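Chains as they are written, first to last, in our numbering: chain A, 7 to 116; chain B, 2 to 114.
Cβ atoms here follow ideal geometry from the backbone N, Cα and C, with glycine treated the same way.
As the structure is a computational prediction, the values presented were derived from the model and not from experiment.
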Amino acid sequence: QKEVEQDPGPLSVPEGAIVSLNCTYSNSAFQYFMWYRQYSRKGPELLMYTYSSGNKEDGRFTAQVDKSSKYISLFIRDSQPSDSATYLCATYNQGGKLIFGQGTELSVKP
Amino acid sequence: DSGVTQTPKHLITATGQRVTLRCSPRSGDLSVYWYQQSLDQGLQFLIHYYNGEERAKGNILERFSAQQFPDLHSELNLSSLELGDSALYFCASSGGTNNSPLHFGNGTRLTVT
Chain A
7 QKEVEQDPGP LSVPEGAIVS LNCTYSNSAF QYFMWYRQYS RKGPELLMYT YSSGNKEDGR
67 FTAQVDKSSK YISLFIRDSQ PSDSATYLCA TYNQGGKLIF GQGTELSVKP
Chain B
2 DSGVTQTPKH LITATGQRVT LRCSPRSGDL SVYWYQQSLD QGLQFLIHYY NGEERAKGNI
62 LERFSAQQFP DLHSELNLSS LELGDSALYF CASSGGTNNS PLHFGNGTRL TVT
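This is the structure:
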């Protein structure tokens, strides 16, 4: 079993839609979770950084951690064509290494 | 702009050759990480250096090696290159405290022909 699993998509939505991106992780001891956005031919860019359970909001983005089900989510409100990118979830494993999901490719159509 | 600089942006070389990728971390960051990204494997952790010392290794091949210099820049050396080594290689840096988020450069795209 992979330590972090993410549906690779692709996911296509119309402009203005609410987008939900999800990951599951294997170990309930993981506590630090991140979401990165990666545009084509660019490096991953940090979007959200959360610790333990709960929600964190930043503008149109909300990160949610549900430790009971080992599930993390990223919600994008009022999605824009400029949000079209690959979104990667990440967490620190027990060995202290930052491990990534496979990434979900999102396309927001005007 | 993350503040992490990687050179070169692109590299094309032949099988059996050796290349060196360079990374300058964000100002003040002591930790440097190297990742490999390929279509089928996603982002894979290779190695972590903190203030010149190796801290952790991932699934890094023996043909690959890295170092971090006193000025904190880092180099990743890839030797005896194979077609399968073609990938994007990313460097990331962080302030060094455990569980800090990483900040990535824009990568070096390596093509082995």
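Item: is_contact[Pro50 of chain A, chain B] using C-beta, thresh 9 angstroms; Value: yes
Item: Residue-level contact to chain B via CB, Ile78 of chain A, 9 angstroms cutoff; Value: no
Item: Interface flag, Gly101 of chain A vs chain B, CB-CB below 9 angstroms; Value: yes
Item: Same chain, Cβ closer than 7 angstroms to Gln37 of chain B, neighbours up to 5 away in sequence not counted; Value: Gln45, Leu47, Ala88, Tyr90
Item: Test item: CB-CB of Leu103 of chain B and Tyr34 of chain B under 9 angstroms; Value: yes
Item: DSSP state of Pro116 of chain A mapped onto helix, strand, coil; Value: coil
Item: Identified DSSP bridge partners for Gly43 of chain B; Value: B:Ser39
Item: CB contact check: Gln86 of chain A to chain B, cutoff 9 angstroms; Value: no
Item: Local Cβ density within 10 Å of Asp72 of chain A, reported as buried at 16 or more and exposed below that; Value: exposed
Item: Status (buried if at least 16 other CB within 10 Å, exposed otherwise) for Arg43 of chain A; Value: buried
Item: Below-9 angstroms beta-carbon distance, Phe65 of chain B vs any chain A residue; Value: no
Item: Under 9 angstroms between C-beta atoms of Lys103 of chain A and His49 of chain B; Value: yes
Item: C-beta neighbour in chain B for Gln108 of chain A, strict 9 angstroms; Value: yes
Item: Residue closest to Gln4 of chain A, alpha-carbon to alpha-carbon, out of B:Thr6, B:Ala57, B:Leu22, B:Ser39; Value: With chain A covering 7 to 116 only, the question about residue 4 of chain A has no answer from this structure.
Item: Closer than 9 angstroms to chain B by CB, Leu17 of chain A; Value: no
Item: Proximal residues of chain A, C-beta to C-beta of Ala1 of chain B below 9 angstroms; Value: For residue 1 of chain B there is no data in the structure shown, the boundaries of chain B being 2 and 114.
Item: Contact between the region 27-47 of chain A and the region 85-96 of chain A (3+ Cβ pairs under 8 angstroms); Value: yes
Item: The beta strand (DSSP E) enclosing Gly60 of chain A, as first and last residue numbers; Value: 60-64
Item: Chain B residues whose Cβ lies nearer than 9 angstroms to that of Leu94 of chain A; Value: Gly43, Leu44
Item: Candidates A:Gly22, A:Phe39, A:Lys62, A:Lys115: closest to Arg83 of chain A by CA position; Value: A:Gly22
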